[in-house]
Each structure stands twice: as C-alpha cells, then as structure tokens.
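To keep things clear, I will list the structure first and then write my remarks on it.
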Amino acid sequence: MLDNNVETKFLVGKGFVTVDPWKFPLVCIFTFLTPQKIRIYAIGSANDSQDRDPKEWTLEGSNDEGATWTMMDSRLMAKNFYDQAVDLGYPEPNKGRYKRLFYYTIANPIEYKKVRWTIKSNWGADLLQLSEFQLFR
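Right, dumping it as structure tokens:
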C-alpha cells in the first residue's frame, strides 16, 4: 500500500487474515517524526474486481499520540474507481481503468503528528484491495 507503485496490490479479507469472516473497518495509522500538514491524498485502484475498491472512509489527524482524533476528510463514494475512470474517458479496461491514482483534497489542512485512515466499507466483496495510498504536503 505504501510502496509508490500502482503495479503492486494490497489485498486483505476472507482467506488472508486469521479472523474469518473478515469485517470492516480497516484502520491504518501513519506516524510522522514531526507534524505534517497534509493537503492532498491519493488512493490507487488495483488491477481487477472493482467490488473490492474502498467505498467509504475517513481520514483523521492527532497530535496527542492518538488519544483524540480530528476529522480531516470523509468520503462515501457514489462510484467505484473503475466506473470513475470510465467517466474520465478510459474506455478499455487495461488502458487507464485500473492501476491509477485518484486524488482527494483536504478542505482545511492542519499539521498532525499522526494520521488515521479508516476504511469503513467496499462495494460488497469479501476482500478489500488497493494499489497505493499516498499523503502529500
């Protein structure tokens, strides 16, 4: 998820974890050496199965070692990544619909020492996938 390469895939879910059935949410916490002001973040779509794409998530920040969290951004998507790429004009599945970054802006960026990304749901699959997650100052 953090290798700066949309050709790789992060995959989690039924059959890939010790708890069966696997359930949302998936929580990822990123800790910085010094507080960072995140202005944009990106999520990369994987190479197949758009029903595994993240559908709903929150991005929160903390400056007190995670005791309290402040909402940075929250999304409930109307379309999966594949269909968003179709809307952008990518007609062929292997030419732009998969393995691409989708960018989201933070309305009111503030410096935080920790960032928590909570994926609350996908589009109905037993697995969750993405190719990349990036934070930009």
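Counting in the working numbering, the sequence shown runs from 0 upward without gaps.
All C-beta atoms in this analysis are idealised placements derived from N, C-alpha and C, irrespective of residue type, glycine included.
Check                                                                                               : Outcome
Coarse secondary structure for residue 96, derived from DSSP in three states                        : helix
Local Cβ density within 10 Å of residue 81, reported as buried at 16 or more and exposed below that : buried
Endpoints, beta strand (DSSP E) assigned at residue 128                                             : 126 to 129
Pick from 35, 23, 77 and 136 that is closest to residue 144, judged by C-alpha positions            : This structure does not reach residue 144, given that the chain is present from 0 up to 136, and the question cannot be answered.
Residue 84 in three-state terms, based on DSSP                                                      : helix
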